[in-house]
Structure formats: C-alpha cells, structure tokens
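The next block holds one structure in the form of structure tokens; read it before the comments.
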Amino acid sequence: MKTKKLLYAAIPALTISLLVGCNKPKEVIPDSREREPATEIGDIINAWTDKLDSKELPLGLSNAYSQGQIIENFGNEDNQSLYYEVQHLAKKNYLGSDLVSNIYFKDDDAGNGDIVSLCAYVPSDANIASLQLEVFTSGMSTSFKSDVLNIDESNSDQWNRLVVTFDTLETLGAIRLNYKLVDEAYLGSFYVDDIETILGEETVKTDYVSNNESLYQAYEQFFKVGTCMPSRLFNNSMIRKIIKENFNSVTAENEAKPERVLVQESSQRLEKDEELNEITDCSITIKPFEKVYDWCEAHHIGVRHHTFVWFDQTPAWFFKKGYKDNADYVSKEVMIKRMENFIRKSLEVVNARWPGLVYAIDVSNEAIQNGNIRTKDNNNQNPNNWYQTIGKDFVYYAFKFARQYADEGQKLYYNDYSYDYDTNNCKYAVNTLLKQAIAEQLIDGVGIQGHTDSDQNMNAFITNAKMIKQKGLECQITELDITINGTSTSEYNKQKKAYNTLLTKILQNNISGATNITAVVVWGVVDDASWKSSQNPLLFTKNYGKKPAYYGFLEAVQPYLEQDEAVE
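Now the structure itself:
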C-alpha cells in the first residue's frame, strides 16, 4: 500500500494561510452543552470545536479499516481538530454522526432554516478528490447537500467551510461528510473542525408566531395545560416548538396503548406458571413511545401515560391460551395474573428509565357503556375481552395493581368519554364502577375526555367535575377537542367562545372549591392531524397558525392574572 505522508511536521509553516476559507470570529465556549439557548439569528445551537465539546469523535467512521482521532496542535482557530484516514468503500464513502453510538448532534440541534456547516482541511497530497457535506432529516429519506468541494491547488492546504441550509420542518437525522478518493486503491486523509449548527431564518414559511405567548405559563398557577403527540408528528420541528412553548404535559396518542406495547412472539416463549399451567408473564416493548418520552424528559415536560386496561387497541391474543390468536380464552385467575404482570412490568420499566417523568396514568379507559359496565365494543359486535375473562371487577383489579406498582406521587386515573354529554354515566362511574377502588384509596382521579362541539354549553363538564370532587378525587380534561363546521370566521369565533366558556367555567369552579381540575389536555396540536380533522377541532391551523380558539383559551385566564397583580 502506498505510504501516505502525514503533515504534522509541515503544520507550523502553514499557520499563516490556514484560515483562508474559514476565518469568521468564534466565541470561546468551554463546553457546548452549557451554551445558552439560541434565540437570535446567527446564535450557535450546537458545535464541536475541540475535545472539551466531546471527547468522542462527533463524526464516526463507516468502516473498521479507517482511523479517526482528535489531534493536538492543529486546528481552525484553535489547537485541536479531527484527523481522519479513510479508504474507499463498496457502497458510499462518508463519515457520519449516524455512525456514532452516542450521537453528538441531536435531533433538536437543527430545524427549519438553520445552518449546518463544518471546516475541512485537505493536504495537497492526501489522495482526496472531493468533499461534500450532507445533512439528513430524521427519517433519513431526505437530505440537503453543500456545494461539492473539488480539491485542487486553490483550496488544498487550507481550511474550507462547507455549508448546508436545513430547508425543512423535519428534525435533524444525521450529519455526513462524503468523500471521494483520487486513487481508490489507497487511503486518503483530511482534517475536520468547527462542526456547527446555527440558528437561521425560517425557509419553510409557517403561520406560527410565538409573540411571547404561552398557554402553560399563563395557567401555571392553576393547572397543567397539555396536548398529545402522535409518533407520525414527532419529527416535525414546528410541532415540537409549539409544544415546548405552550404545553407542559404530553400524552402519547397511541404509542403506549397495549397493542403497541405487548409483544406476542416473545410472550409465547415465556415459561408457564406451574400452579396455573399457563403463561402469565408477558413481554413488552417501550420502543413505540421511547423517543417521545426521551424528548419530554429532555425538555422537562410531564407525561400522562395512556393506557393499561382498555377494551379497544388491546390484542385479542393477550386473552388467549398460549398467547395464540385462535385459542380459547384463559381462566379468570390466569387473566388477573396477566393483568398484574403487564401493569407491573410497564411501570417498572417506565419508572426506571424515566424517573419522575410520568405524573398521571390512565389505568383504565372507557369501561362504561350505556350507564353500565362495558361488555361489548362500540359496535356491539365483539366482546370486551377484559370483561369476558375477568368479569365486572376488572377495573378494580387494574387499580389494585397500579397502586401496588406505581411510584409515589404518580396519580392514577380512570378515563372515559361516555360522560362528555351524559352526566348519568359519571354518576355510575363514581358511585358504582369505581366504588371499591375509591374506598380503598386506589384511585386519585377521573378523566373527562372532552370530545365535544361548539354548540354545547359546557355545563356537563362542571357537573361531572363536581361529582368527582365530592368523592375526594381530582379531575382532568384529558382529550379536549371542540369541533366546528368549516373554517369561516363565524365558525372560528363560535369555537373561540366555546373554548373560552369552558376554561372560564373551570377556573371559576376551581377557585371556588367546587371542582379540582388539575390539567386540561387538548387532543392534538394542528387541525389536519386531529382524528377529527374534517371538523377542525384544535387550537392551531394546518399551517401552524394560532386560531381564534387559541386566544379564547388564553384570554379566559387573563382576568384572574390581573386580579393577582392587583393584590400584589
């Protein structure tokens, strides 16, 4: 193999010309993870400048035969840089942040219009034909590329900056530096320094404007204000921005439901309970909601865990012998053990991975049907498998096990939509369905989902919340959306009034002590991603603009904030 000349000896003689392509002033920051948040165009979001920023390579090597290291006494404007020796690969030649096990550049480190760049130094005899910076979105299906730096005598032996504008609403997936060799039979080499992401001006135009407005900050002294985040929107940087600025509670829309968490194949391989002669343990996964919970933890946003025991979106095989699709139902005793193990494992894993993150848990969901215990699905075609196997006390057992395994301080909730309009269903919930759980202090609260429309007077919410308070329980509005017909000004204003009326009633009754509503969770962020998208039920338009409904929500609290200011 050709002997490659390293340029360490020649470096001192080059220092005068090193900065030809990369000469912008740089602030001295000892540790990039201590930077102030970027707020002005041009602020650094994240950067690698030297080993104080990361003692590991921020760009990994795509094969085992190349070498990379942090070197001393050579760099762009400092005395450290990254040095790589690379070889030709069969597929594609690149270094990448996606190749580093502990990725240094995180998905929040570049958003719509932000600038990603790095400086590269190629010695004239380094066997490098060209370099190109490529920045991928989180789905790794879309990328943005810098101009190709074709190496010749005009740009070799000096630092050159490669620049990419991140023109997308999707979050950052990976940073790659692609290279081509002059002679693919031999190694090439180059240096990399000052990998930066900088706050840029939005290139994908949206209607969202912060205006220093925040729903959760406005309501902070009264209750939490939350939303739900579906996995399909998780990598949307504007959705994340809106959530960070307006909400302090997040519910994974579908990702923590049993059908996403329970794993059939590995459950089938578990050993049988000797006494019951059936498998009672189960296998679970946190992958569907892992990134959402990680992100919430990183941004100090509380989580409502939704849900454990529900007739819907729970796989039928979970109730069958051997966890087989077409087998017979297991006995009541087996199913009670399966319920216990599912709840136990879920809480142990979640609380070990994210201690203190989950503040409320929907232990049981939608167990009421027509003023009684639910025995069928919504179409009365299929059985409620929890009722089918355990019987009418399946909700009680769910709270018994949740209380046993929940961490101290986690609030346990029953959640339902059946009393959004019908207060008789709420009476059944607190007087019959939850009676034993309330008596044994196994339950902390009842969730009113709140799927309603703008023609309602909102009185049912308060009537139900009062009944719940009288039983010594908290209440949360857990899935609020208020539908309208079309997007006319009159419909938007009607929706604004509906949100304002509801929030005003909640504040009035909480302050008087008649109710104890501790959170209001809107079921989604933008209208076109709502499960009722055709009825535009949320606070933001499909282009992320704040609707009149947003201001109806925000303005409801203003008189109470002004009263506090007057008292002070």
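Per my numbering, numbering of the sequence shown is gapless, rising by one per residue and ending at 934.
Ideal placement from N, C-alpha and C gives every residue a C-beta, glycine not left out.
Leaving aside the five residues before and after residue i along the sequence, list all residues of the same chain whose C-beta is less than 8 Å from its C-beta, in chain order.
i: D533; result: N478, G479, F510, T569, V570
i: T870; result: A922
i: N429; result: Q453, L455
i: N692; result: K686
i: M506; result: D464, G539, A540
i: G387; result: Any reading at G387 must be qualified, since the residue scores a pLDDT of 46, below 50, and its modelled position is unreliable; the value itself is stated next. Same-chain partners within the cutoff: C485, N521, Q524, W525, N526, R527.
i: P749; result: T741, K742, D743
i: L873; result: F588, A922, V923, Y926
i: E451; result: K370, S432, Q433, G434, L553, G554, S555
i: Q929; result: none
i: P391; result: Unreliable placement is indicated for P391, whose pLDDT of 35 sits below 50; no coordinate value is reported for it.
i: I407; result: L565, G566, E567
By DSSP, does residue i sit in helix, in strand, or in coil?
i: N442; result: coil
i: M705; result: helix
i: Y689; result: helix
i: S512; result: coil
i: T503; result: strand
i: V761; result: helix
i: E393; result: For E393, the predicted structure reports a pLDDT of 38, less than 50, and the residue's modelled location is therefore unreliable. A value from the coordinates is still provided. E393 falls in the coil class under three-state DSSP.
i: T638; result: Thr is not the amino acid found at residue 638; the sequence shown has Lys there. Three-state DSSP puts K638 in coil, outside helix and strand.
i: G918; result: helix
i: Y552; result: coil
i: F471; result: coil
i: N791; result: helix
i: Q309; result: Residue numbering for the chain in the displayed model covers 367 to 934; residue 309 lies beyond these limits and cannot be assessed.
i: W676; result: strand
i: Y785; result: coil
i: V812; result: strand
i: F588; result: coil
Classify residue i: buried if its beta carbon has 16 or more other beta carbons within 10 angstroms, exposed otherwise.
i: R740; result: buried
i: K421; result: exposed
i: L418; result: exposed
i: P403; result: exposed
i: Q735; result: buried
i: V729; result: buried
i: P903; result: buried
i: D444; result: exposed
i: M549; result: A quick correction: the sequence has Asp, not Met, at residue 549. D549 should be labelled exposed.
i: V796; result: buried
i: A551; result: exposed
i: G722; result: exposed
i: A413; result: buried
i: K623; result: buried
i: A772; result: buried
i: K801; result: exposed
i: G426; result: buried
What distance in whole Å lies between the Cβ atoms of residue j and residue i, which are believed to be in contact at a cut-off of 8 Å?
i: Y689; j: S633; result: 5 Å
i: Q747; j: P681; result: Rounded, the Cβ-Cβ distance is 17 Å, inconsistent with contact.
i: D786; j: A733; result: No, D786 and A733 are not in contact; Cβ-Cβ is about 15 Å, not under 8 Å.
i: S899; j: K860; result: Going by Cβ atoms, the distance from S899 to K860 rounds to 18 Å, so no, they are not a contact pair.
i: A476; j: T572; result: The Cβ separation is near 16 Å, so there is no contact.
i: W676; j: N731; result: 4 Å
i: S496; j: K546; result: 5 Å
i: F767; j: E706; result: 5 Å
Ordered along the chain, which non-local residues of its own chain (more than five positions away) have a Cβ less than 7 Å from that of residue i?
i: Y865; result: I848, A915, G918, F919
i: T867; result: M824
i: S935; result: There is no way to answer for residue 935, as the model of the chain reaches only from 367 to 934.
i: M701; result: F685, T755, I756
i: L846; result: G816, V886, V887, V888, W889
i: W752; result: V675, F677, F760
Which residues in the same chain have their Cβ closer than 6 Å to the Cβ of residue i, if we skip the five residues on either side of it in sequence?
i: R626; result: P654
Are three or more beta carbon pairs between the segment 639 to 648 and the segment 614 to 625 nearer than 8 Å?
-> no
Is the segment 850 to 861 touching the segment 550 to 570 in the sense that three or more CB pairs, one from each, lie closer than 8 Å?
-> no
Spell out a yes or no on whether the segment 863 to 880 and the segment 889 to 897 are touching, meaning 3 or more CB-CB pairs, one atom from each, closer than 8 Å.
-> no
At least 3 beta-carbon pairs within less than 8 Å: the segment 821 to 835 vs the segment 791 to 801 | yes
Is the segment 772 to 780 in contact with the segment 803 to 814, if contact means three or more CB pairs nearer than 8 Å?
-> yes
Touching or not, the segment 715 to 724 and the segment 648 to 661, by the rule of three or more beta carbon pairs under 8 Å?
-> The answer is yes - the segment 648 to 661 touches the segment 715 to 724, with three or more Cβ pairs under 8 Å.
Cβ contact check for the segment 586 to 603 and the segment 655 to 666: 3 or more pairs under 8 Å = yes
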